[in-house]
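Shown next, in structure tokens, is the structure this report addresses.
Protein chains: 2
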Amino acid sequence: MNVTIKDIAKALGISIATVSRAMSNSPEIKTETRERVLEMARKMNYKPNIWARNLQNRQNNLIGVVVPEFITFFFPEIIMGIQEVLNPLGYQVLICSSCESSETERKNVCMLEKNMVDGMIVSVSHESKNRDLFERLLNEHIPLVFVNRVFEDLPSARIVIDDHKWAYKAVEHLIKAGYRKIAHLAGNEHLSVTKGRIQGYIDALTDYGIPYDPRLLMHVGVQQQVAKVGLRYLLSLKVKPDAIFAVNDPVAIGVYLELKERGIRVPDDMGLVGFSDSPTGKVLGLSSVEQPTFEMGRKAAEMLLWQIQHKEINTETLVLDAKLNIRKSSMRQHH
Amino acid sequence: MNVTIKDIAKALGISIATVSRAMSNSPEIKTETRERVLEMARKMNYKPNIWARNLQNRQNNLIGVVVPEFITFFFPEIIMGIQEVLNPLGYQVLICSSCESSETERKNVCMLEKNMVDGMIVSVSHESKNRDLFERLLNEHIPLVFVNRVFEDLPSARIVIDDHKWAYKAVEHLIKAGYRKIAHLAGNEHLSVTKGRIQGYIDALTDYGIPYDPRLLMHVGVQQQVAKVGLRYLLSLKVKPDAIFAVNDPVAIGVYLELKERGIRVPDDMGLVGFSDSPTGKVLGLSSVEQPTFEMGRKAAEMLLWQIQHKEINTETLVLDAKLNIRKSSMRQHH
DNA sequence: CTGAAAGCGCTAACAT
DNA sequence: ATGTTAGCGCTTTCAG
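The listed protein sequences correspond, in order, to chains A and B. For the first sequence, this note's numbering assigns the number 8 to the initial residue and increments by one for each residue that follows. For the second sequence, this note's numbering assigns the number 8 to the initial residue and increments by one for each residue that follows.
What follows is the structure, encoded as structure tokens:
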């Protein structure tokens, strides 16, 4: 059995109220009494019961985070940013992975609700199916912030980068490097980031007078293993592409490995640009758009805190800056 | 204000006990009453207060996990294994990163204690300084399992692989591939995995008649950025090594990149083997020892559950199998 | 400054 | 089968 304030009170011959006050550093207590209580608490190895306290305070300093996965660096870095802000403030973070499944995502969110988290930070799974669920959360005024993968039509707080702009820059870079038949391996259709990146791709081509050819655009998803299928399709085309802009680094890496396998040289035979700048991409010399992952996490945490503290839902969208890192995968020597 | 069983009871004109029984699916209740309660609960959007329940049950189904980092694939995979077992059973997992700092690790553990987790799974930070802390936990009979990085002299549950054996195999492989001056970039001195891998390295050399040269062994730590320093040292030696066995993949990758930078060819001029088989190492063609990460997590969770259920500390060490993946970084064509 | 007492929402005897 | 009641450990009025 654990030691409670009752035990301390009894041992000291004082009331539990006094002990409680000593513990919570209340001003209305004699310094001497407090010291005696603290001393005894230490001696008896007292540990406050957090559930009793939460029950009283109706707040548990728990924040839920739901991400699609946390095996690759991207979401872990966001999570670190979140914890960096929240942990020092005494918040605990419950991390859930939806494993890119909307069903699991729904379970995670319900579980977090059951655990009465003070708020949630979510990056939605690639199917982006649970609009109704998050709408309900919003209606119930549960503080909620979306990061990276969002629902555009939901009045919620959001942390994103300008996918359109950075996709545009990536494709523009390929054009300036001399590539002309630029393909795009896009993510899942309903994913927020997919749409922005596709439009950026199309707009860059158009602006540089390259007609957009829908056959060079294929939705493959966001995982490395699907890249092979996409590449096979692109290479089967009559007019093969000379460069590929991939929706993210895992897909770009999948493409890279498959190209190597087939003896197609990067960047000479095929230019390649990814998105999100993974460590693996970096060592492979893959050009990529770098997102400020830690900062995204920090900002998401701050925006959530604001909502919790102001007891008010925030519908602001914060657009952070990004950066195009050019490496050898898109630096053709001659063409 | 949230709806409580009291509200439901009042709305239905019944007692709170009946409502409580309906909620917990007690057998001693009329089916019809239960349905009416459940119906009303749904209508009123009732959500059970988990703190009140925990206060009553003195159990919160919370498990704490402390890992050194979760940016690279390794610990995330272990964590996924843990969650795979624990989540379906209704446990929530609190994930903390010690950021390879013993001080942060101590804070994390204390925080988890404060949150009254039912148990902890820990992989200690590379300094391995908090022996006293974990000893206290063990003395207080808090269920605890170490994974991967352990304290050998603490009577605790442990999930590991045979570092000695697999380091031996890695070095043996280099020897059989024709390398003779094999160096070892080792991890932090007090880290459990470091010791086993060093001994495996030494024993393999000895068994194959290659005298162990202490100058070819250097403690560099476990992070990619320190590899450069280690390599610079090794290349400054009079008798330069022709192969390097690195304590883990990050270090091996750091070495790989630096070798490339300097125009030293892998595997022809320098053989290279890592440890833990990272995705990045994989795409670089780095030979490495693969650890069963998911399985380690699953087993750790199971061992912890056992302790929780049996209310008894377990001091078993479970040694899982591993695998040496040979890739081109150690496949010299000729020598 | 300290104590008595009520109550947070729920469960589990104990009654009926 | 249902209701009554006493806590779980803590905080917080309200008295003194």
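We treat Cβ as the ideally placed atom computed from N, Cα and C, and that holds for glycine. In this text, all values refer to a predicted model and were calculated from it rather than measured experimentally.
ask   = From the DSSP output, which residues share a beta bridge with Gly278 (chain B)?
value = The residue labelled residue 278 (chain B) in the question sits at position 271 within the second sequence. In DSSP, Gly278 (chain B) forms a bridge with B:Ala250.
Cβ neighbour criterion (16 or more within 10 Å) applied to Pro257 (chain A) = The residue given as residue 257 (chain A) occupies position 250 in the first sequence. Answer is buried; the Cβ neighbour count reaches 16.
inquiry  = Which residue wins for smallest C-alpha separation from Glu64 (chain A), given the options B:Val92, B:Ile189, B:Trp58, B:Ile85?
reply    = To locate residue 64 (chain A), count along the first sequence from 1; it is residue 57. Reading the sequence as shown, one finds Asn at residue 64 (chain A) and not Glu. Measuring from the Cα of Asn64 (chain A), the nearest candidate turns out to be B:Trp58.
key: When A:Lys306, A:Arg204, A:His226, A:Val246 are compared against Val296 (chain A), the one with the closest alpha-carbon   = Position 289 of the first sequence, counted from the start, is the residue given in the question as residue 296 (chain A). For Val296 (chain A), the closest alpha carbon among the candidates A:Lys306, A:Arg204, A:His226, A:Val246 is that of A:Arg204.
query = In whole angstroms, what is the alpha-carbon distance linking Gln340 (chain A) and Leu279 (chain A)?
reply = Indexing the first sequence from 1 puts residue 340 (chain A) at position 333. Indexing the first sequence from 1 puts residue 279 (chain A) at position 272. Gln340 (chain A) and Leu279 (chain A) have their C-alpha atoms spaced approximately 14 angstroms apart.
inquiry  = If we define contact as Cβ-Cβ less than 8 angstroms, is Val254 (chain B) a contact residue for chain A?
reply    = Along the second sequence, one-based indexing puts residue 254 (chain B) at 247. No, its Cβ sits nowhere closer than 8 angstroms to a Cβ of chain A.
inquiry  = Between which two residues does the beta strand (DSSP E) holding Phe153 (chain A) run?
reply    = Sequence index remark: in the first sequence, residue 153 (chain A) carries index 146 (1-based). For Phe153 (chain A), the enclosing beta strand (DSSP E) begins and ends at 151–154.
Chain B contacts made by the segment 225–248 of chain A, where a contact means CB separation under 7 angstroms = Going along the segment 225–248 of chain A in chain order, one finds no residue with a Cβ nearer than 7 angstroms to chain B.
task = May I ask which residues mark the beginning and end of the beta strand (DSSP E) holding His191 (chain B)?
result = Here residue 191 (chain B) corresponds to residue number 184 of the second sequence, with the count starting at 1. Secondary structure note for His191 (chain B): its beta strand (DSSP E) is the uninterrupted segment 189–193.
key: 7 angstroms Cβ cut-off: residues of chain B touching Ala59 (chain A)   = Numbered from its first residue, the first sequence carries residue 59 (chain A) at position 52. Those within 7 angstroms of Ala59 (chain A) in chain B are Leu62.
ask   = Are the CB atoms of Asn332 (chain A) and Ser283 (chain A) nearer to each other than 8 angstroms?
value = Residue 332 (chain A) sits at position 325 when you count from the first residue of the first sequence. Residue 283 (chain A) sits at position 276 when you count from the first residue of the first sequence. No, the Cβ-Cβ distance between Asn332 (chain A) and Ser283 (chain A) is not below 8 angstroms.
message = Please confirm whether Val124 (chain B) has its beta-carbon closer than 8 angstroms to some beta-carbon of chain A.
response = As a first step, residue 124 (chain B) is located in the second sequence; it is residue number 117 there, counting from the start. No, because no Cβ of chain A sits closer than 8 angstroms to the Cβ of Val124 (chain B).
query = For Glu302 (chain B), which residues from the same chain have a beta carbon less than 7 angstroms from its beta carbon, with the 5 sequence-adjacent residues on both sides left out?
reply = Walking along the second sequence from the start, residue 302 (chain B) turns up at place 295. If we look at Glu302 (chain B) and ignore the five residues flanking it on each side, its Cβ neighbours are Gly88, Leu327.
query = At a Cβ threshold of 8 angstroms, is Asn155 (chain A) touching chain B?
reply = Position 148 of the first sequence, counting from 1, holds the residue named residue 155 (chain A). So, not an interface residue.
ask   = Name the chain A residues whose beta carbon is nearer than 9 angstroms to that of Ile121 (chain B)?
value = Translated into the one-based positions of the second sequence, residue 121 (chain B) becomes position 114. First, the residue type needs correcting, since residue 121 (chain B) is Lys and not Ile in the sequence shown. Near Lys121 (chain B) (Cβ distances below 9 angstroms), the residues of chain A are Lys54, Pro55, Ile57.
query = Run through DSSP, which three-state label would Ala24 (chain B) get?
reply = Looking up residue 24 (chain B) in the second sequence gives position 17. Here Ala24 (chain B) sits in helix by DSSP.
task = Check whether the Cβ of Glu84 (chain A) lies closer than 8 angstroms to any Cβ atom in chain B.
result = In the first sequence, counting from the first residue as 1, residue 84 (chain A) sits at position 77. For Glu84 (chain A), the answer is yes, since a Cβ of chain B falls inside 8 angstroms of its Cβ.
ask   = Can you give the Cα-Cα distance for Glu147 (chain B) and Thr287 (chain B), rounded to whole angstroms?
value = Taking the second sequence and counting its residues from 1, the one referred to as residue 147 (chain B) is at position 140. Taking the second sequence and counting its residues from 1, the one referred to as residue 287 (chain B) is at position 280. Between Glu147 (chain B) and Thr287 (chain B), the alpha-carbon positions lie close to 41 angstroms from each other.
query = Under a CB-based cut-off of 8 angstroms, is Asn67 (chain A) close to chain B?
reply = In the first sequence, the residue the question calls residue 67 (chain A) occupies position 60. Yes, because at least one Cβ of chain B sits closer than 8 angstroms to the Cβ of Asn67 (chain A).
Beta-carbon contacts of Pro248 (chain A) that lie in its chain and below 7 angstroms, excluding the five residues immediately before and after = Looking up residue 248 (chain A) in the first sequence gives position 241. So the qualifying residues of the chain are Lys188, Ile189, Ala190, Leu223, Leu241.
ask   = beta strand (DSSP E) containing Glu297 (chain B): first to last residue?
value = To locate residue 297 (chain B), count along the second sequence from 1; it is residue 290. Taken as a continuous stretch (DSSP letters only), the beta strand (DSSP E) holding Glu297 (chain B) covers 294–297.
ask   = By the 10 Å Cβ neighbour count, where 16 or more other Cβ atoms means buried, how is Met8 (chain B) classified, buried or exposed?
value = To locate residue 8 (chain B), count along the second sequence from 1; it is residue 1. Around the beta carbon of Met8 (chain B), fewer than 16 other beta carbons lie within 10 angstroms, which makes this residue exposed.
key: Residues near Asp210 (chain B) in its chain [Cβ-Cβ closer than 7 angstroms; skip 5 each side]   = Within the second sequence, residue 210 (chain B) is the residue found at index 203, counting from 1. Result list for Asp210 (chain B): Tyr175, in chain order.
ask   = From Gly274 (chain B) to Asn255 (chain B), what does the alpha carbon distance come to, in whole angstroms?
value = As a first step, residue 274 (chain B) is located in the second sequence; it is residue number 267 there, counting from the start. As a first step, residue 255 (chain B) is located in the second sequence; it is residue number 248 there, counting from the start. Reading off the sequence, residue 274 (chain B) comes out as Pro, not Gly. Their Cα atoms are separated by approximately 18 angstroms.
query = How about Leu345 (chain B) and Leu101 (chain A): are their beta carbons less than 8 angstroms apart?
reply = Nothing about residue 345 (chain B) can be reported from this structure: the residues present for chain B run from 8 to 342 only.
message = Measuring only the C-alpha atoms, how far is Lys172 (chain B) from Ala329 (chain A)?
response = To locate residue 172 (chain B), count along the second sequence from 1; it is residue 165. To locate residue 329 (chain A), count along the first sequence from 1; it is residue 322. When the Cα atoms are used, Lys172 (chain B) and Ala329 (chain A) turn out to be separated by approximately 45 angstroms.
query = Do you know offhand how far Gly194 (chain B)'s Cα is from Ala308 (chain B)'s?
reply = Within the second sequence, the letter at position 187 stands for residue 194 (chain B). Within the second sequence, the letter at position 301 stands for residue 308 (chain B). Going by the C-alpha atoms only, they are around 27 angstroms apart.
task = Return the first residue and the last residue of the alpha helix (DSSP H) that Lys13 (chain B) is part of.
result = The residue you call residue 13 (chain B) lines up with position 6 of the second sequence. For Lys13 (chain B), the uninterrupted alpha helix (DSSP H) segment begins and ends at 12–19.
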